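Written below as structure tokens is the structure these notes are about.
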Amino acid sequence: MYKKTIFDNGLRVVTESVPHVKSVSVGIWVNIGSRDEKDSEAGLSHFLEHMLFKGTSTRSALDIAKEFDQVGGLANAFTSKECTCFHARVMTEHLTRVTDLLTDIFLHSTLESEDIDRERQVILQEINMIEDTPDEQVHVLFNQNFWTGTPLGRSVLGMAETVAGFDREDLARYLKRRYLPSKIVIAAVGDLEHENFLNLVRPPFEALPEAGDGLVRIAPEVRETTAISYKDLEQVHLCLGTPFTTAVDEKRYIGAVLNTLLGGNMSSRLFQEVRENRGLAYSIYSFISNYADAGLLGIYAGVGPERALEAIELIVAELKKIKREDLKDSEVKSAKEYLKGGIVLSLDSIDNLMIHLAKNEITFKKRVTYESILSAVDEVTPSQIVELANRYFNEDSLSLTALGPWPGEDIQEGSLKL
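Just so we're aligned, residue 300 is where the sequence shown starts under my numbering, counting upward by one.
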């Protein structure tokens, strides 16, 4: 059973009871991410996420780690471009203890300067690790080029030069300015009762003062870009992309089906044509990155430098085929079944249920049932996919970023035209 409570300060608590399990997944979410940072703050959201586990006024970092272990819990945190989450899953009997622990690190972290200096080195190594992993680095470069000049274009990790300069005052000021009740959603799913859970979170969180932060997200402008980054590697890593549906677009389910049949699984067009039929790539796939007011459909491939241009031509050709209504009912049906299977299988995890509950509260301020999602996927038709493709796969829409030993040949004019 789903229930929701809104405190007077604007903080929201959402729960869903799943009586047949013997565990609970709890998450404290903040609708703040890397896109909400100023240029000088790049990486602060992620840095703060790390720091909240480093000690409170009553618990050291070791105490926190030991307590999670003592309850047999699985705890973690993550930062994205639009939100930050601190979450844990424990047996039902430990719900009170883990809620107290999550509340303590969220509200009472001390942000000691010595801890900040130590964690800074960890994050700088994390940044360096991405640079040593070309199939990840090309995505960072692609986002920088695609969302040029906007916070969406920056890595969630920030930049080495900004991370190197953060101090305690920067983190404390950002925490106070951004982690406001109206931005917070506490979600819990599993073997629990809503009122009992409210008794755990209401006293500390309802006491938070209501405040506004003046934050206004501005939808980014996108322009076609082609960027080649030369690097001594065995492969050329390619990312191509075009603007696409947002997280709230009513056509987002059509987009999900399109993405699946294009490059979302092993029977998809790109996998079959580029890998299976041509042997050009071991890894090739398409993906969707969507936000509250923007979105992109991207395609990644790692190919030998001598066949990079051929791979690009094949990818563009597959996009054009979809525009020309070259779709079979059977492949659309297969893509829909694949999506529905993933949705249904995810229901076996209460962590997934908690994430789904929280994200929809943040995005839509309401519960979105799995039944409604399955129904929306079922209703997608081939003609709707073609219409969406023609809406987004158009002249001057496709951007390209390449990383590696580019063969030296120029991208021919018109070769990226859709």
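Just so it is clear, CB atoms sit at the ideal spot from N, CA and C, and this is done for glycine as well. Remember, predicted model here, so these are calculated numbers, not experimental data.
Classified as buried, T541 has 16 or more neighbouring CB atoms from the shown chains inside 10 Å of its CB.
C-alpha of N375 to C-alpha of A364: approximately 11 Å in a straight line.
For R311, no alpha helix (DSSP H) run applies; the uninterrupted beta strand (DSSP E) run containing it begins and ends at 311-316, by DSSP. In terms of Cα proximity to L423, the closest of H345, D368, I587, F586 is H345. Counting of Cβ neighbours within 10 angstroms places M350 among the buried residues, the total reaching 16 or more. With fewer than 16 neighbouring CB atoms inside 10 Å of its own CB, I517 falls in the exposed class. By the Cβ-count criterion, A463 is exposed, with fewer than 16 other Cβ atoms from all chains shown falling within 10 Å of its own Cβ. For N693, the CB contacts under 7 Å within the same chain, skipping 5 residues up- and downstream, are L717 in chain order. Between the C-alpha atoms of W328 and F306 there is a straight-line separation of about 15 Å. Between the segment 679-691 and the segment 542-562 there are three or more C-beta pairs closer than 8 Å, enough to call the two in contact. The alpha-carbon of D335 is positioned some 26 Å away from that of A487. Counted as a single uninterrupted DSSP element, the beta strand (DSSP E) harbouring M390 occupies residues 383-390. The shortest CA-to-CA distance from S356 to any of Q369, G332, L400 is the one to L400. Following the DSSP letters along the chain, one finds N375 inside the beta strand (DSSP E) bounded by residues 373-378. Counting the other CB atoms within 10 Å of its CB gives K353 a total of 16 or more, which places it among the buried residues. Under the three-pair Cβ rule at 8 Å, the segment 435-451 does not count as touching the segment 388-398. If you draw a straight line from the Cα of V323 to the Cα of V317, it comes to about 9 Å. In this structure, V312 lies near L497, with their beta-carbon atoms less than 9 Å apart. Per DSSP, I485 lies in no alpha helix (DSSP H) segment; the continuous beta strand (DSSP E) that holds it begins and ends at 483-489. Secondary structure at L401: helix, using DSSP grouped into helix, strand and coil.
C-alpha of A616 to C-alpha of S567: approximately 14 Å in a straight line. Using a C-beta cut-off of 8 Å, the segment 572-588 makes no contact with the segment 640-660, since fewer than three inter-stretch Cβ pairs fall below that distance. The count of Cβ pairs closer than 8 Å, one atom from the segment 696-706 and one from the segment 521-533, reaches three, so the stretches are in contact. Within its own chain, the residues whose Cβ lies closer than 7 Å to the Cβ of L560, once the five positions on either side in sequence are excluded, are S567, R568, E630, V631, A634, listed in chain order. The three-state secondary structure of G641, taken from DSSP, is helix.
Between E605 and L699, the alpha-carbon positions lie close to 17 Å from each other. Among the bridge pairs identified by DSSP, L702 is matched with S528, H536.
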